[in-house]
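**Student:** Heads up: the sequence shown runs through residues 1 to 383, numbered per the UniProt record's numbering.
The beta carbon of each residue, even a glycine, is placed where N, CA and C say it ideally should be.
I'd like to ask some things about the structure below.
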Amino acid sequence: MDLFEYQGKQYFARFGIPVSAGGVADTVEEAVAAAEAAGYPVVVKAQVQVGGRGKAGGVKLANDAEEVRLHAGNILGLDIKGHLVRRLWVEHATDIAEEYYASFTLDRGAKAHLAMVSAKGGVEIETVAEEDPGAIARLHVDPAAGFSEAQARRLVEEAGLPDAAREGAVAILQQLFRCYEEGDADLVEINPLVLTTEGRVHALDAKVTLDDNAAFRHPEWDEYRDIDEFDERERLARSKGLQYVGLDGEVGIIANGAGLAMSTCDVVNQVGGSPANFLDIGGGANAEVMANALEVINSDPKVKAIFINIFGGITRGEEVAKGIVTALGRVTIEAPIVIRLDGTNAEEGREILKGVESDRLISQPTMLDAARKAVSLAGGAAK
């Protein structure tokens with residue numbers, strides 16, 4: 001789950017990371033009130049999860065209430081790379097002496113956390129990595145050992161941060177790692193991390209991606225979910241607790257497991273079709289979950305065929321089949337359905353499905369056969 005900047009700063013503040021004083025605003029008058037509370041001058045910033053806000057006119061400096069009204073009115077409703085601005089963050093403006101970069105994420109290949117620090121902040125880190133890779137200090141952190149003050153100092157020194165910023169940067173790196181580890185994040189990034197003209201170091205921006213797998217430990221994360229950012233299909237899926245990503249194709253996909261769902265999308269593409277979505281129902285292929293999944297798929301008018309791809313492991317095949325049959329009795333489906341059922345007790349499951357098979361509900365023995373049939377029913381020329 002990606003947080004907006006203001007949410008990321010709120011998350012940082014929980015772990016003692018210094019951020020600029022500011023407030024959230026959904027209207028022009030709320031923006032003025034937030035500016036008065038933060039103290040002039042302020043920066044009015046569009047809250048969208050996309051880069052390039054400044055170049056698109058989504059970040060403006062304001063010296064008084066009149067300028068806040070002008071900028072807030074112009075930014076609210078602005079389209080920035082397909083993202084409509086509905087919310088603003090208004091914060092006290094910072095006098096910047098220098099800009100740096102700091103982040104923690106997971107390096108799966110190394111099976112360790114990866115810390116990165118650079119004296120070249122304020123620009124895309126990908127650009128720095130491409131044009132001047134030596135400007136980024138990197139350090140792998142053993143998850144069992146944690147991140148020490150000595151490691152923080154080593155990073156800051158290798159990155160070439162000036163003496164005036166080192167103590168503040170070391171302290172923030174330790175706080176940032178706590179935010180990353182204890183806060184169950186996949187990524188925490190400060191760009192820029194700034195040294196002010198007064199000699200203070202603090203986070204001027206915040207990028208935080210939370211690990212959805214840890215959501216059961218964090219009921220407070222519900223406040224971060226902005227369902228307005230999703231399209232209608234994704235809003236419906238989220239309301240039903242489903243892992244769903246909308247795509248632009250004609251073959252609706254339901255699979256149990258993220259890996260299988262991705263493979264199903266791939267095989268549909270392989271045989272000449274185009275997936276309409278990624279939908280992972282996990283291990284819970286019971287009647288309620290299946291009915292919810294079919295309802296979401298059915299809400300997409302572009303779907304011409306549905307491919308249900310289930311591999312039974314702990315979930316048994318006959319239970320999956322019963323769930324599908326029950327779900328079909330609860331949801332009126334517009335598109336034909338192709339089912340591939342394999343794994344534990346798959347034969348028993350297929351026998352159950354035979355009782356409801358028709359030209360609108362077709363069982364296929366393999367994933368490839370099922371993909372070809374689904375693509376054909378969707379009107380494509382299956383390979």
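Among residues of its own chain, excluding the 5 on either side of D212, which ones have a beta-carbon nearer than 7 Å to its beta-carbon?
**Tutor:** M1
**Student:** Taking DSSP as the reference, what is the three-state secondary structure of H113?
**Tutor:** Note: H113 maps to strand in three-state DSSP.
**Student:** CB-CB under 7 Å to I227, same chain, minus the five flanking residues each way: which ones, in chain order?
**Tutor:** In this prediction, I227 scores a pLDDT of 44, lower than 50, which makes its location untrustworthy; the coordinate-derived value is nonetheless stated afterwards. For I227, where only same-chain residues beyond five positions count, the Cβ hits under 7 Å are R235, R238.
**Student:** Among the residues of its own chain, which have a CB less than 6 Å from the CB of A327, if the five just before and after it don't count?
**Tutor:** Counting only Cβ-Cβ distances below 6 Å, and skipping sequence neighbours, we find A287, M290, A291, L294.
**Student:** Kindly indicate which residue of A144, G146, L173 has the alpha-carbon position closest to the one of E157.
**Tutor:** L173
**Student:** For the beta strand (DSSP E) containing S299, list its first residue and its last residue.
**Tutor:** For S299, no beta strand (DSSP E) encloses it, and the DSSP letter there is neither H nor E.
**Student:** Look up E357 in the DSSP assignment and say whether it is helix, strand or coil.
**Tutor:** coil
**Student:** Run through DSSP, which three-state label would N286 get?
**Tutor:** coil
**Student:** Can you say whether A115 is buried or exposed, counting buried as having 16 or more other CB atoms within 10 angstroms of its CB?
**Tutor:** buried
**Student:** Can we say the region 241-249 touches the region 41-52, given the rule of at least three CB pairs closer than 8 Å?
**Tutor:** no
**Student:** Considering E158, what are the terminal residues of the alpha helix (DSSP H) in which it resides?
**Tutor:** 149-159
**Student:** Under the three-state reduction of DSSP, which class applies to D228: helix, strand or coil?
**Tutor:** Residue placement at D228 is poorly supported in this model, since its pLDDT is 49, which falls under 50; the coordinates still yield a value, given next. The answer is helix: DSSP assigns D228 an H, G or I state.
**Student:** Using 8 Å for Cβ pairs, my map puts I112 next to I80. What's the rounded Cβ distance?
**Tutor:** Just to set this straight, residue 112 is Ala in the shown sequence, not Ile. About 35 Å; that fails the 8 Å criterion.
**Student:** Using only alpha-carbon positions, find the residue among V188, E318, E223 that is nearest to D342.
**Tutor:** E318
**Student:** Between the alpha carbons of R14 and E182, how many angstroms are there, rounded?
**Tutor:** 11 Å
**Student:** Report back the beta-carbon spacing between G252 and I306 to the nearest angstrom; my notes put them in contact at under 8 Å.
**Tutor:** Indeed they touch by this definition, with Cβ atoms about 4 Å apart.
**Student:** Spell out the partners DSSP gives G312 in its beta bridges.
**Tutor:** G343
**Student:** Among T366, V194, Y11, D369, which has the Cα closest to the Cα of I96?
**Tutor:** The residue with the shortest Cα to Cα distance from I96 is V194.
**Student:** May I have the straight-line CA-CA distance separating L260 from V338, to the nearest angstrom?
**Tutor:** Pairing L260 with V338, the inter-Cα distance amounts to about 16 Å.
**Student:** Which class does K373 belong to by DSSP, given the choice of helix, strand or coil?
**Tutor:** Helix.
**Student:** In its own chain, which residues sit with a C-beta less than 8 Å from the C-beta of G73, not counting the 5 before and 5 after it?
**Tutor:** V28
**Student:** State the DSSP-derived secondary structure class of K60, mapped to helix, strand or coil.
**Tutor:** Secondary structure of K60 (DSSP, three-state): strand.
**Student:** Three or more beta-carbon pairs under 8 Å between the region 8-24 and the region 63-70, yes or no?
**Tutor:** no
**Student:** Measuring CB to CB, does V44 end up less than 8 Å from H83?
**Tutor:** no
**Student:** Is it true that the CB of L210 sits closer than 8 Å to the CB of W221?
**Tutor:** yes
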